[in-house]
Structures are given as structure tokens and as C-alpha cells.
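Protein chains in written order, with this note's numbering: chain G, 189 to 479; chain Z, 50 to 330.
This is the structure:
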């Protein structure tokens, strides 16, 4: 690798477009968000203004966030994201494992089939889920044929969690697949030869060695779940709001941008906390590296 | 456990385990059922109700002639194309720069580049909304007509697409034999010639993969578009969102089916290119 000073003209040419774009159209907007989260709506002639702000007035929006309603929504968001992540892990691990042990010529196809829905537009998939789960949707129609009364599936909590799993499952399977594939299968043979049961082999050999893939999968599912507002909006009801819905409302109907900015910042901090935990894990782990 | 295996299935032949096979098939069923239903209903005769009335192709010309759906689709595709081109160029320069040079605070720089990828979309969306409003860009581009009125969306899309391109291209560059670059310079080629004649041909599969990733990311995006769209610009995902709220017609199914076909074609193409172009060292 060259030092940047050895060819500073080329370095500057290559560095400029990305740096400028990132700075102006990403970091500065985040700065706006940060500033507004410490601001309040301006009072003009005793009236709360719609779009004028008093900047940097203090922590009022963060203090407002510490109320039971918001805290319970944050807890619900974390809890549901965790449930969806665990469900993805329990379904995704055996599937990734199974694909790795398929005959080689079938593996790319199997993987493609699992990943393909992920490339399809999220809105289209959500809409598809909505029509499938509806009271007059396909599942209830099929149930009707065997004489079962329609079940209310939409606008329920399980529907939201199912939606999250449905949308993010490929995120779990991909990193798991790439770690399990690189796992040296002779370790498993050795373990079985030396008298360990399949269960022991799985928990003492396979799982520890593929832990980095598990962690990457958890991160890739958990983080986008935290910020999701579409799925609770479409598949849930007003009592199944996650924090994303609250933020969206502040920038829509509730029109309280400073409060929305503060909530966004708390959400971002949560995300960084999760990433920090992953970083800590990676420093300690010695397994197969997931990329 | 080993003693409970069916005859002919070795202890490590997990691909032959019935429960793994059934789980795999069940998952595929769950993943594809809603999509299949959506596609099937795009051929349904009567609107609404969710009941099958009979087979027809009518919804497709209807969707094509529905001005608002058509415009939304054109907007989505134009945004995706422009954002792809620009983010591929920017992402590539970033990748080459990070691969080639050592500079102070590089880890911090790389972390900043990764931010658009890791922060929740909704945070980026509201930040862009605020930025475009405060700088007057939203009103600046309103009423300028296609494609200028898409500028805010395109800018935001580029901002979250190019770091992905940079990652893809950089992972391709890892396999590059630096001596080729040195040889090219020793033989008298300029920086630019070396870049276009040696580096770009080598990076090509990475460029294509990165571009296709950017294209699908842009086409797929709802959250950031939702917040950055001006009052008169609707993209296809935003259109579906509003139509689902008001009750959907099967024309949307038809348009969605078209988009699904485009996406699947692009994905399969990308996969084909990646498998046929393994790094050739």
C-alpha cells in the first residue's frame, strides 16, 4: 500500500467524490438531526410555530422520551426484534446447514431460491403478505374448504413478528451459509469418530466454530428490525407500533420534528450499542470468520 | 442419535436428512406462497374481494394505461438508473482509494463510509428530509419537471448506494496482482491509462455486481424515498404504499409482477456473472 503523500494528486482525485458526497449528503444531514434533537418549536406571539425552531434549547426532547409510553414502545421494539431474530436463527441455521450438505450442483440453486425473495421489493412483499393473511385471503379460504372459520391474522402481534421473520430470514441464512460452508467437515468426522454423539458434536464443535456467522446473522436481522416501521404499520394495529412508527408519526401527522429527531438519535445509539457488542465478540472469537 | 438414521444415510450426510429437507421445502413454501398469490391475482378478472373470478390478461394493459402507476414506475426506474451510474463511479473511486493508499485516520474514515449501511434507514430518511427542507432543496426542485424533480430522491439514493458499491468493488480488488499495475507504469503508461486499461478491466465483474446491487437497492427502497420525495414525485413503492392504504386494484398486482420479473432477471444475471467470473489470478 502506498502512502497518500507519495501520490497526493491521484489520492485526492480518488478520495474527493466519495468524501464530498458522504460529507454533504450524509454527515451534515445527520448533524441537522443532531442539532434539531436539542431544539424546540419556536413560540411566535405565544403560538407554537409549525416550522420555526428555537435551536439548541436543551435536553427537553430527550427528557420527554423518558415517559412510560415511549419506554414501553422501545422495550416492545427490542423484544419483538429479539423474537424475530431468534425465530430467524432457529429456522435459518438448519436450512443453511442443510444447504451446505447438499450435493454440490444443487447448492447454488438452493441458495438462490432462499435469497431471491429478498431482492423483491419490500413493499410488494408486504402487500403480498397482507393479501395472503387477510380474513378473505388465501389461507383463510383454504381453511374454509376444510370447514374452519376464518382466523383473524392481520392486525395482530404474531403477524408483525411473522412479517419481520419473513422479510429478514435471508439476512440470517446468507452469513450462516458462508461460515458453515467453510467449516472443515473433518472436525465433525473426528468428533463423531472419537465417540461424541451428534448432539455433542453440534454443541461442542459445529456451533462454536460457526459462531461468527451466527453473530453476523443476528446483527443483520436485529438491526433492521429495530428501525422497521412498514411491517407493524401494514400487518399490525395501532397497539403494535414499534419505535419506527413513532418516529414516522413525528415527521407526519404529529408534526414534531425535534422530538422525532431525539427518538431517531436514541434508535441510532441503540444500533451502535449492538454493533459495539458484536465488535467485542469478534475480538474474542477464534472461529471461522464470516464475511 | 446415529443409530436412528435410515439405512443408506451416513452420519454426515445431513443433506439426506428428511427433517432438514422438509424444513427447507416448508420454508420455500412460506417464502413463495404470498408472492405466488400476488402474481396469480394479477391475472384475476374482477377487482377487489380477494376471490378468484377467472383468468384474464386485462390488468396488464390497464396498469400500463394507468397514468399514475406508469409515472411511478418510470420515476422508480429513472431514479434507479441515475443513482446506479453515479454511485458506481463514486463507489469505485472510494474502493480504489482505500485499496491503494495508506492515510491518517483511515479506520475512522472507513467507519464513516460504513455508517450509511449500518444506521437504521428511518434515521437516514428523516435526516435527509430535514436537510433538504432546511437548505431549500425541496422547494428548489419542486416544479422543475422530470427528471430534475427527482433530484432529492436521487441524491439520497446515491448516498446509501455508493458505500455498498465500494465494498463489493474493494473485495474484488483484493485478488488483484499489484505487479500488473507496476508493470504498466514501468512500461510508460500514465496513471489514467493504467487505471482504464489495467485496473478497470480487472474490476469489471465487481463493477457489474456493485452496479446491480445499487440498482436493486435503489429500486427496492421505500423508507428513504418516502421521506425525501417532493410533493409531486411518487415512486412505485410509495405508490403501492398509498394504494394499499386506500384499497388495492389488481393493476398494482400486474405492475408488481412486472417489477418482480425485472428484479429476478437482474439477480439471476448478477449471480451468473459472479459464478462465471471467479477472480482470475
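Each residue gets a CB set at the ideal place from its N, CA and C atoms; glycine is no exception.
For the putative contact between residue 367/G and residue 401/G, defined by C-beta atoms under 8 Å, what is the C-beta separation to the nearest angstrom? 3 Å
Residue from 260/Z, 284/Z, 266/Z whose Cα sits closest to the Cα of residue 322/Z: 260/Z
Within chain G, partners of residue 208/Z - CB distance below 8 Å: 209, 210, 213, 214
Tell me whether the beta-carbon of residue 370/Z lies closer than 8 Å to the beta-carbon of residue 263/Z. Chain Z is shown only over 50 to 330; residue 370/Z falls outside these bounds and no answer can be derived.
Tell me whether residue 233/G sits in a helix, a strand or coil according to DSSP, three-state version. coil
Candidates 304/Z, 313/Z, 67/Z: which alpha carbon is nearest residue 286/G's? 67/Z
Note down the Cα distance separating residue 471/G from residue 464/G, rounded to an integer number of angstroms. 11 Å
Here's the rule I'm using: 16 or more other beta-carbon atoms within 10 Å means buried, otherwise exposed. How should residue 232/G be labelled? exposed
Closer than 6 Å by C-beta to residue 338/G: which residues in its own chain qualify, once you throw out the five before and the five after it? Chain order, please. 323, 328
Which one of 207/G, 468/G, 405/G has the shortest CA to CA distance from residue 141/Z? 207/G
Beta carbon of residue 245/Z nearer than 8 Å to that of residue 124/Z: no
How about residue 80/Z and residue 305/G: do their beta carbons lie closer than 8 Å? yes
Through-space distance from residue 207/Z to residue 134/Z, alpha-carbon basis: 9 Å
Delimiting residues of the alpha helix (DSSP H) encompassing residue 180/Z: 170–183
For a minimum of 3 consecutive residues, which ranges assigned as the beta strand (DSSP E) are wholly contained in the segment 80–112 of chain Z? none
Only counting the same chain, and skipping five residues up and downstream in sequence, which positions put a Cβ closer than 7 Å to that of residue 242/G? 227, 228, 230
Please report the distance separating the alpha-carbon of residue 202/Z from that of residue 414/G. 24 Å
Helix, strand or coil, according to DSSP, for residue 242/G in the structure here? strand
Close-in-space but distant-in-sequence residues of the same chain around residue 453/G (CB under 6 Å, 5 per side omitted): 225
So what's residue 50/Z in DSSP terms, helix, strand or just coil? Model confidence at residue 50/Z stands at a pLDDT of 44, short of 50, so the residue's coordinates are unreliable and nothing is read from them.
Can you give the Cα-Cα distance for residue 164/Z and residue 171/Z, rounded to whole angstroms? 13 Å
Buried or exposed: which applies to residue 166/Z, given that a residue is buried once 16 or more other Cβ atoms fall within 10 Å of its Cβ? exposed
Mind checking who residue 295/G pairs with in its DSSP beta bridge? Paired residues: none, contrary to the question.
Could you tell me whether the segment 82–90 of chain Z touches the segment 273–280 of chain Z, using the rule of 3 or more Cβ pairs below 8 Å? no
Return the Cβ separation of residue 382/G and residue 393/G in integer angstroms, given the expectation that the two are a contact with Cβ distance under 8 Å. With a Cβ gap of about 10 Å, residue 382/G and residue 393/G do not count as contacting.
Name the residue from 319/Z, 247/Z, 193/Z whose alpha carbon lies nearest to the alpha carbon of residue 232/Z. 247/Z
When you compare the CB positions of residue 139/G and residue 252/Z, do they come within less than 8 Å of one another, or not? Residue numbering for chain G in the displayed model covers 189 to 479; residue 139/G lies beyond these limits and cannot be assessed.
State the Cα-Cα distance for the pair residue 212/Z and residue 112/Z, rounded to the nearest angstrom. 35 Å
DSSP state of residue 391/G mapped onto helix, strand, coil: helix
Please state whether the Cβ-Cβ distance between residue 282/G and residue 69/Z is less than 8 Å. yes
Helix, strand or coil: how does DSSP classify residue 372/G here? coil
CB of residue 272/G within 8 Å of CB of residue 356/G, strictly: yes
Chain G beta carbons: is any one of them nearer than 8 Å to that of residue 331/Z? The question about residue 331/Z has no answer here: the residues shown for chain Z are numbered 50 through 330.
Segments assigned alpha helix (DSSP H), at least 4 residues, entirely inside the segment 258–299 of chain Z: 272–277, 285–295
Keeping to the same chain, check which residues put their C-beta closer than 7 Å to that of residue 236/G; ignore five residues upstream and five downstream. 229
Interface residues of the segment 143–158 of chain Z facing chain G [CB-CB below 7 Å]: 143, 145, 146, 149, 150, 151, 152
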